[in-house]
Amino acid sequence: MNQRWGRPIVAWPSRFRPSFWDGVALPLVLGAIMLLAWASQQMSQPFHPGEQLPISLDPIYLPEYALRTVLRMAGALVASLVFSLVYAAAAAKSKRAEKLLIPVLDILQSVPILGFLSITVTGFIALFPGRLLGYECAAIFAIFTSQAWNMTFSLYQSFIGVPNDLREAARMYHLSPWLRFWLLEVPFALPQLVWNMMMSVAGGWFFVVASEAITVNGDSVLLPGIGSYISVAIDHRDLHAVGYAIVAMLSVIVIVDQLLFRPLLAWVQRFKFEEVGSEEVEAPWFLVMLQRARIFHLMSNLMGAMTKLSLRIGAKLPPLPPLPRATPRAGKAIDVIWGAILVAGAALVAVEIVLFIRGEVGSGEIAHVVLLGAITLLRVLSLIALASLVWVPIGVWIGLRPNLAHRVQPFIQFLAAFPANLLFPIAVVTILRYRLDVEIWVSPLMILGTQWYILYNVIAGTLGLPTDYQEVAAILGVRKWLWWRRLVLPGIFPAFVTGAITASGGSWNASIVAEVVKWGDTTLTATGVGAYIAQETAAGDFPRIALGIAVLSLYVVVFNRLLWSRLYHLAEERLRLD
Amino acid sequence: MSADTSLSPGANAGAAAATALIASHAVCKTYTTGESAGRLVLDHIDFALKEGEIVAILGKSGSGKSTFLRILSGLTEPSEGGVDYRGNRVEGPAHGIAMVFQSFALFPWLTVLGNVELGLEAQGVPREERRQRAVAAIDLIGLDGFESAYPKELSGGMRQRVGFARALVVNPDVLLMDEPFSALDVLTAETLRGDMMDLWLARRVPTKGIIIVSHNIEEAVEIADRIIIFGSDPGCIRNEIPISLPRPRSQSDPAFRRVVDEVYTQMTTVPGTEAAKRRAEPIGVGYRLPDASIQQLVGLLEALSIPPYDGRADLPKLAESEHLSTEELVILIEALQLLGFGQVGGGDIEMMPAGREFAAADLQRRKQIFADHLRRNIPLAAHIRRVLDERPGHAAPEGRFLAELEDYLSEEEAAKVFETVINWGRYAELFAYDYDSGVVSLENP
């Protein structure tokens, strides 16, 4: 049916008549529009370096700060979405682009996110001189870097994983590349992408909080938001304010989850590529509202019409002329040349970086930073081991009780989303009060937020362990240590590895904020490459920031290659349950 | 559906000899993997589909029949030669050719209606007409009432009906079907096949020719005017059997059985044992071994050795009584012949003395016999054993054998053949294999 404006409403099918939910929906829509206007106005305020934006500790301002924080997150999410669509499509469609893009993405994933902030902030400020927008962009960019890479990977994996028969059907029925992208590839990728977005946003809160207080060349700027609020609270040693911030953050996470991700997850069920209908997800209330309220039908019809129009235009685009098909030999030659360009480019950049760092820093200091990296590595490793010792038994215990597990899982997701840096002040106060050893007791902060991934995955792995196996073990009288060794540990291993990889990645990232913590004018500093980066960022010493980030990234890459990817392959190859 | 095109008779092959709808000329396909020279999977295929004809293509897996269908459809480009559709060279999927897929290939996020409309949408057919034609196609194929259902709500048979509706709604001249019924259970497949044939015979679809790739011999004999049998390595047209049985055809008709027997014989004749027609060449190291399971082979030999067969069985009957699909049976029969336990003639499998001895023996003796036959008749097994005997440690990494196999087969096929020979070799205790290290050796744990 062609929706025309001005058609009498009464003639519409009953599903278009106003419903109870319209009463709820209308204010929400209007509010959202006004919010956007307000936010863009706030963001483009004039601002000059050295100025201080007043951050009040009065909890009355917290809703506004929370809103600003959410908007930053939303901006980063949209940017990540656009970036990942373009990047993943390019990598999936062109073999030559893939050769460059995928390894680059892999490295980008290993670069500590707060490192991006340190490096890019001056550039963004220069982009919008005299405006707050530059700082906002820098913060959003930092959040973007915490989300974009794994969303892109997810999309890329989905794009190259589109089943061949669907591709053939699409070609057989003459879908243009444009139609194919929107009707086949994107829908196929959606479920995984939404899941990844949820994980990314959960991880992103940590970085929003960390990036709102930006230090540039010794000047610190506080962007209005929960992160700045808490950093002011830390300066004032105000534990009450810390408490308010924690409550505000909790509410934000719950609201975003309820309004955005529950509905999205339920909605993308239909895109799941499963031949048999899997378990039905209960429709979340917000999705019900979206689907029942007429006003949203209007909007979705409008959007649908726009999509259709774009598809129609896309369909009418003349098909691309077939690329001149290179002979195999010429193709190979181009491949070789392309490879050579890539290698040469990489070598050039590597030399540039080395020269840049060596211009300022002596080899003694480089060795020292490498040593600092080793100390941080030791922390990460022991923390993962410790967290595993604690959470594997607990996770298995929960996973063996499916009813409990299903109730606990959303709660754990919530814990993983909660930015652990909000809890740092409490830890610092404890360390100070009991005069604990900083080198050791700062470490748990690194895994505070990421240990939940281990717990979550262990529970999921245990849930996935076929009951048959458990029954066999029971009948054979396999108990105690043998039960762990022969049944549970191999059974949950793939899930555990996934959780541990995520946890370890998070811990590396957290090291920059966890190895240096403050309470009022007391600063606790542990030895490690994270602390090094944090200090040099505060001092605005670029060659040293670059050195720290390079060393940290190098450790992450090597560590991933040597340990995690091997464990992952072992899990994939030998211990898959099928 | 608008049947605006005049139809030529569907059943009567004689009257439709006129023009070729779609024809391939000396089509070759070579797959290049890495630095090796490339493997020939299709070797100079000349084929023409005449108007009003249904052609079934049979052949064991790996004979390139699906690849050939994709070349006809324009999905895959031939390495040499070309395909003409109504006198025009096929370059990419052509309008007028539709395809039905084994896996249905429905878009799970589109409803039945959305899936059926897809091809029309891509052609830019206006919305009203699109809806009308899609609904007509859905009615035609017996899916009315399911327009708003998502594929995952439907059973396999219903899904394939959507697949057919999606193909028919674009009014194709030529309908290509890639094992359209093989993912369905027997009963559902029969019903759907019957419905399709009714539409075709009653000329309710504008389609002028059908090519169906199948591995089910009865199915092919039931619906085809002509059966093409593909030989493998490289894929080629081994044989062509015209079927002039009157329609509707009954599976119990003796004439029908005779044709089925003939096709069975053609299908199960192994190159090495094929006496007359071609160069009788012994199979080589790179031969694509059929992935027959030891359990099934042993079971089949035991069944053959006792009444009612007593050493000789009619292949179609054997398939029925042992509950084997044609595909499974073809694989088992090929393995029996390769190993020298049986031979095929006139649609029958006959046990050879070694097969009888095997069936009568106890477990240890069976393993011995099997080992002897492996070494004598399967060059790959003999080769692996020889290499292991010669090596000082009597062990070799699997990679070395896989690399040798990949000279002849694709990576995937090589892995499959290697897995088969490992299974056979393990049963015969000819060699051992360690999964974790990927090492083939002589030691038995």
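Order-wise, the sequence lines are chains A and B.
In terms of the numbering used here, the first sequence opens at residue 84 and continues consecutively.
In terms of the numbering used here, the second sequence opens at residue 19 and continues consecutively.
From the three backbone atoms N, C-alpha and C, an ideal C-beta is built for every residue, glycine too.
Since this is a predicted model, take the numbers as computed values, not measurements.
So, under 8 Å CB-CB, residue i and residue j are touching, yes? Tell me the CB distance rounded to an integer number of Å.
{"i": "Val245/A", "j": "Phe224/A", "result": "That pair is no contact at about 31 Å."}
{"i": "Met370/B", "j": "Gly363/B", "result": "Not confirmed; about 12 Å, so no contact."}
{"i": "Val304/A", "j": "Ile297/A", "result": "5 Å"}
{"i": "Val452/A", "j": "Val596/A", "result": "Not quite, the Cβ-Cβ distance comes to about 18 Å (not below 8 Å), so this is no contact."}
{"i": "Ile230/B", "j": "Met195/B", "result": "4 Å"}
{"i": "Leu392/B", "j": "Leu448/B", "result": "6 Å"}
{"i": "Leu466/A", "j": "Ile542/A", "result": "That pair is no contact at about 20 Å."}
{"i": "Val458/B", "j": "Ala413/B", "result": "7 Å"}
{"i": "Ala167/B", "j": "Val130/B", "result": "5 Å"}
{"i": "Glu375/B", "j": "Arg330/B", "result": "In fact, because the Cβ distance is near 16 Å, the residues do not count as touching under 8 Å."}
{"i": "Met234/A", "j": "Asn279/A", "result": "5 Å"}
Secondary structure at residue i, three-state DSSP: helix, strand or coil?
{"i": "Asp321/A", "result": "coil"}
{"i": "Phe576/A", "result": "helix"}
{"i": "Leu193/B", "result": "strand"}
{"i": "Thr533/A", "result": "coil"}
{"i": "Ser97/B", "result": "coil"}
{"i": "Glu655/A", "result": "helix"}
{"i": "Pro415/B", "result": "strand"}
{"i": "Gln361/B", "result": "strand"}
{"i": "Tyr103/B", "result": "strand"}
{"i": "Met214/B", "result": "helix"}
{"i": "Trp647/A", "result": "helix"}
{"i": "Tyr451/B", "result": "strand"}
{"i": "Val335/A", "result": "helix"}
{"i": "Arg296/B", "result": "Because the pLDDT at Arg296/B is just 38, under 50, the model does not fix this residue reliably, and the value given afterwards should be weighed accordingly. Three-state result, Arg296/B: coil."}
{"i": "Ser594/A", "result": "helix"}
{"i": "Val292/A", "result": "helix"}
{"i": "Glu429/B", "result": "helix"}
{"i": "Gly132/B", "result": "helix"}
{"i": "Val245/A", "result": "coil"}
Tell me, please, which residues DSSP counts as bridged to residue i.
{"i": "Ser303/A", "result": "Thr298/A"}
{"i": "Thr48/B", "result": "Leu58/B"}
{"i": "Phe248/B", "result": "Gly77/B and Ile255/B"}
{"i": "Leu67/B", "result": "Ile40/B"}
{"i": "Leu607/A", "result": "Val600/A"}
Using C-beta distances below 7 Å, list every residue in its chain close to residue i, excluding the 5 sequence neighbours before and after it, in chain order.
{"i": "Tyr49/B", "result": "Gly56, Arg57, Val59 and Ser428"}
{"i": "Leu347/A", "result": "Val277"}
{"i": "Val278/B", "result": "Ile235, Glu236, Val239 and Pro334"}
{"i": "Ser268/B", "result": "Phe274"}
{"i": "Ile138/A", "result": "Leu305, Pro307, Ser311, Tyr312 and Val315"}
{"i": "Ser81/B", "result": "Phe248, Gly249, Ser250 and Gly253"}
Assuming contact is defined by CB atoms lying nearer than 7 Å, are residue i and residue j in contact in what I supplied?
{"i": "Ile537/A", "j": "Gly582/A", "result": "yes"}
{"i": "Arg151/B", "j": "Val187/B", "result": "yes"}
{"i": "Asp251/B", "j": "Lys434/B", "result": "no"}
{"i": "Ile436/A", "j": "Pro626/A", "result": "no"}
{"i": "Ala721/A", "j": "Val599/A", "result": "Chain A is shown from 84 up to 661; residue 721/A falls before or after that span and cannot be answered."}
{"i": "Ser229/A", "j": "Gln275/A", "result": "no"}
{"i": "Ser91/B", "j": "Ile115/B", "result": "yes"}
{"i": "Ile245/B", "j": "Ala74/B", "result": "yes"}
{"i": "Ile309/A", "j": "Ala328/A", "result": "yes"}
{"i": "Ala2/B", "j": "Ala44/B", "result": "This structure leaves residue 2/B out entirely; chain B is present only between 19 and 463."}
{"i": "Ala500/A", "j": "Ala162/A", "result": "no"}
{"i": "Thr438/B", "j": "Leu354/B", "result": "no"}
Looking only at its chain, what residues have a beta carbon closer than 6 Å to the beta carbon of residue i, apart from the 5 residues adjacent to it on each side?
{"i": "Leu128/B", "result": "none"}
{"i": "Val359/A", "result": "Note that Val359/A scores 42 on pLDDT, short of 50, meaning its location in the model is unreliable; the coordinates nonetheless yield the value given after this. Once the five neighbours on either side are set aside, Val359/A has no close Cβ partner at all."}
{"i": "Ser193/A", "result": "Ser636, Val639 and Val640"}
{"i": "Pro169/B", "result": "Leu124, Pro126 and Arg177"}
{"i": "Trp647/A", "result": "Ile584"}
{"i": "Leu650/A", "result": "Val580"}
Within a Cβ cutoff of 8 Å, which residues of the same chain sit near residue i, ignoring the five residues on either side of it in sequence?
{"i": "Leu327/B", "result": "Here the sequence assigns Tyr to residue 327/B, which means Leu is not the residue at that position. These residues qualify, in order along the chain: Ala321 and Leu336."}
Starting from the beta carbon of residue i, find every residue of chain D whose beta carbon is closer than 7 Å, and list them in chain order.
{"i": "Trp127/B", "result": "Structure shown: chain D not included; protein chains present are A and B."}
May I ask you to check if the CB of residue i is nearer than 6 Å to at least one heavy atom of the ligand FMN?
{"i": "Val337/A", "result": "This structure lacks the ligand FMN, and indeed carries no ligand of any kind."}
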